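Residue numbers (mature numbering (1 follows the signal peptide of the UniProt record, and there is no 0)): -33 to -1, 1 to 464.
By construction, the Cβ of each residue, glycine as well, lies at the ideal position given by its N, Cα and C atoms.
This structure is a prediction, so every number in the text was calculated from the model and none was measured.
Working notes, beginning with the structure itself.
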């Protein structure tokens, strides 16, 4: 450790050119440790538009992108999302991580600010054996040997580490980047939570509707089995016809418990996401036909470049590059000297009985000066640390590029899936309309006595089967809409945003 003693000349202030030169030197010294940020752009530019872009889901008004689940026009879904965003324990943990990261900013920034400390001490001594040697002559005449003394003192100590070679800037930037990363991760957690609540709610409604349709289909199948059995007794149907209708009934009945179990699991999952041990009773439709939400309004996919600003995980990856660069700057600054300015004001005195040992009273000292420390024998370790931080920066850069490519792939995949699911829903809607017309025609013909009850039951069964398939298609389409909003990184407001 080198601790040279430096003095400043007293007299007129330095000239303006000298001050300017010193300022320029300070700027150059303060910036030399910060590395140049790498190029974050991918090897190939992002496309200007999405390949599988979907212009709209269903006709409807525009909705607030920050509350994209409102496009399903379902108050119970809105309430489920609001409850989860308010009470979810994972979000609460993410908020605490943000608070921790923000709190750690204070010591990171304060370590390069001037510090001031106050100290005081009292020390007593008492002679319990022996005699002090006499001073002799006239000097010691009349003086009694003291048995106890009290020494006390106090003072102020000040220190300031002057930021050299960018150490303060790099340290502060690393702490700020860490806090910003925690905030982006909290945003990603809110987005994922809103998407999971919406997906689970859609799965709940689809399972409830599927169970309701299966029960209706089972009732129709029972009537069909009963009628076929009666026809067999009249010699109009065979045992094969009865066995086929019975097999169809059992297949439908076997699907009902599975649909009910799926609905129960979804309801309990929604309760857990809202930190509630019990499902919301309002989610039980009772005996009424369950409503299946469908997305309305435009899905504004934007352009691929928007992902760089919208997706919190991509922004977190970008901030990770900035943090890695700042940590590399800190490692580089460790190769150079540190300059610390210290000063202090001390007051001390020793008393014997009621009198000061020094007739003039307490002593006051003022001290100060610079301290310079520089590494000498561990440069190899410090260089290895620089290499490690440089590799970490390269890794963070590659991770950022990978996150951008992954985000583009995810959006393209959800757009393609949404297009396919929409086409499937449209065709099944057409099939439902045709099956409904067939049922109405069969009912008219049955009322006129032109067809038998078996034909009417079969038309009803065909309609129920199409509606079961349409329920699954609409569920897949709605889930694709949710997945698209999640992939696009739609902002979800919340604490700590």
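Under 8 Å Cβ to Cβ from residue 180, same chain only, skipping five residues before and after it: list those, please.
-> 431, 434, 435, 438
By DSSP, does residue 241 sit in helix, in strand, or in coil?
-> coil
Exposed or buried, residue 86, counting other C-beta atoms within 10 Å across all chains shown (16 or more means buried)?
-> exposed
How many angstroms separate the CA atom of residue 299 from the CA atom of residue 353?
-> 6 Å
Starting from the N-terminal side, write out each stretch of the alpha helix (DSSP H) that is 4 residues or longer and does not extend beyond the region 126 to 208.
-> 134 to 200
Compute the Euclidean distance between the alpha carbons of residue 213 and residue 193, then round it to the nearest angstrom.
-> 9 Å
CA-CA distance, residue 290 and residue 146?
-> 10 Å
Would residue 262 pass as a contact of residue 448 if the rule is Cβ separation under 8 Å?
-> yes
Would you tell me roughly how many angstroms separate the C-alpha atoms of residue 271 and residue 281, rounded to the nearest one?
-> 12 Å
Closest to residue 191 by CA distance: which of 210, 408, 148 is it?
-> 210
By DSSP, does residue 465 sit in helix, in strand, or in coil?
-> In the structure as shown, the chain starts at -33 and stops at 464, and residue 465 therefore has no counterpart that could be examined.
Give a yes or no on contact between the region 156 to 169 and the region 66 to 79, applying the rule of three or more CB pairs nearer than 8 Å.
-> no
Run the CB neighbour count on residue 351, radius 10 Å, all protein chains shown included, and call it buried at 16 or more, exposed below.
-> exposed
Report the three-state DSSP secondary structure of residue 342 (helix, strand or coil).
-> coil
Could you tell me which residues DSSP puts in a beta bridge with residue 337?
-> 308
Is the region 124 to 135 in contact with the region 76 to 93, if contact means three or more CB pairs nearer than 8 Å?
-> yes
Measure the CB-CB distance between residue 4 and residue 292 and report whether it falls below 8 Å.
-> yes
Looking at C-beta atoms only, is the number of pairs between the region 48 to 63 and the region 132 to 139 that lie closer than 8 Å three or more?
-> no
Return helix, strand or coil for residue 354, following the three-state DSSP convention.
-> helix
Segment contact, 8 Å Cβ cut-off, at least three pairs: the region 220 to 232 with the region 181 to 188 = yes
For residue 315, name the three-state secondary structure that DSSP assigns.
-> strand
Host alpha helix (DSSP H) of residue 281 (start-end) = 279 to 300
Buried or exposed (CB count within 10 angstroms, at least 16 for buried), residue 144 | buried
Beta-carbon proximity list for residue 284, same chain, < 7 Å, skipping 5 on both sides | 366, 367, 370
Report the option in 41, 36, 17 whose CA atom is closest to the CA atom of residue 259.
-> 41
Can residue 241 and residue 170 be called in contact, C-beta distance under 8 Å?
-> no
Helix, strand or coil for residue 408, going by three-state DSSP, please let me know.
-> helix
Compute the Euclidean distance between the alpha carbons of residue -17 and residue 287, then round it to the nearest angstrom.
-> The predicted model places residue -17 with a pLDDT of 38, which falls under 50 and marks its position as unreliable; any figure quoted below should be read in that light. Rounded to the nearest angstrom, the two C-alpha atoms are 41 Å apart.
N-terminal and C-terminal residue of the alpha helix (DSSP H) that residue 449 is part of | 420 to 455
Leaving out five residues on either side along the sequence, give the residues of the same chain with a beta carbon under 7 Å from the beta carbon of residue 423.
-> 409, 410, 413
Residue 252 versus residue 153: straight-line alpha-carbon distance, rounded = 34 Å
What's the C-alpha gap between residue 361 and residue 141?
-> 16 Å
Just the Cα atoms here: how many angstroms apart are residue 215 and residue 421?
-> 15 Å
Would residue 464 be called buried (16 or more neighbouring beta carbons within 10 Å of its own) or exposed?
-> Per-residue confidence for residue 464 stands at a pLDDT of 43, beneath the threshold of 50, marking its modelled position as unreliable; the derived number appears in the next sentence. Exposed, since its Cβ has fewer than 16 Cβ neighbours within 10 Å.
Residue 87 (DSSP reduced to helix, strand or coil) | strand
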